[in-house]
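In our numbering, the protein residues as written are 2 to 135. The C-beta atom is built at its ideal place from N, Cα and C for all residues, glycine as well.
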């Protein structure tokens with residue numbers, strides 16, 4: 002917890018790409034202040050508030066060195082959170098289909114089809130002549 006009137010420690014971390022994007026995208030380094038006060042819910046409107054003036058400050062940098070340099074230039078204590086190393090997953094085009102083919106072959110060996118597992122159509126005739134679905 003920070004002493005009143007002082008600047009709280011700074012967190013420097015790298016953003017991950019959005020889960021909705023397939024491209025690597027621009028991964029920026031973010032500088033944020035650690036929270037010195039817990040947020041609260043304002044009773045009349047239900048908004049989230051905080052007595053921490055640094056809670057809404059978020060700065061973006063192109064690389065870690067510039068973020069660290071900015072924190073050191075201002076005399077702030079900082080902590081760098083390194084992102085976990087990502088192992089690239091290299092797949093071929095045929096890998097998209099191999100599991101479905103293996104599942105289909107296993108079902109064929111057991112005498113089941115994918116359609117028979119999902120629907121249960123009974124052949125009792127309705128007055129309109131269409132089969133009833135249960």
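{"Query": "Can you give me the C-alpha to C-alpha distance between residue 120 and residue 97, rounded to a whole angstrom?", "Result": "Low confidence applies to residue 120: its pLDDT is 48, below 50, so where it sits in the model is not reliable, and the reading given next is rough at best. C-alpha separation (whole angstroms): 26 Å."}
{"Query": "Let's see if you can read the secondary structure: which residues bound the alpha helix (DSSP H) around residue 73?", "Result": "65-74"}
{"Query": "Got a sec, what are the start and stop residues for the beta strand (DSSP E) residue 11 sits in?", "Result": "11-15"}
{"Query": "For residue 15, tell me which candidate among 74, 9, 68 and 31 has the shortest Cα-Cα distance.", "Result": "31"}
{"Query": "Looking at the structure shown, is residue 59 part of a helix, part of a strand, or coil, going by DSSP?", "Result": "strand"}
{"Query": "State the beta-bridge partners of residue 33 as determined by DSSP.", "Result": "12 and 59"}
{"Query": "So, is residue 37 buried or exposed, given that buried needs 16 or more other C-beta atoms within 10 angstroms?", "Result": "buried"}
{"Query": "Would you tell me roughly how many angstroms separate the C-alpha atoms of residue 7 and residue 74, rounded to the nearest one?", "Result": "16 Å"}
{"Query": "Less than 9 Å separating the beta-carbons of residue 43 and residue 50?", "Result": "yes"}
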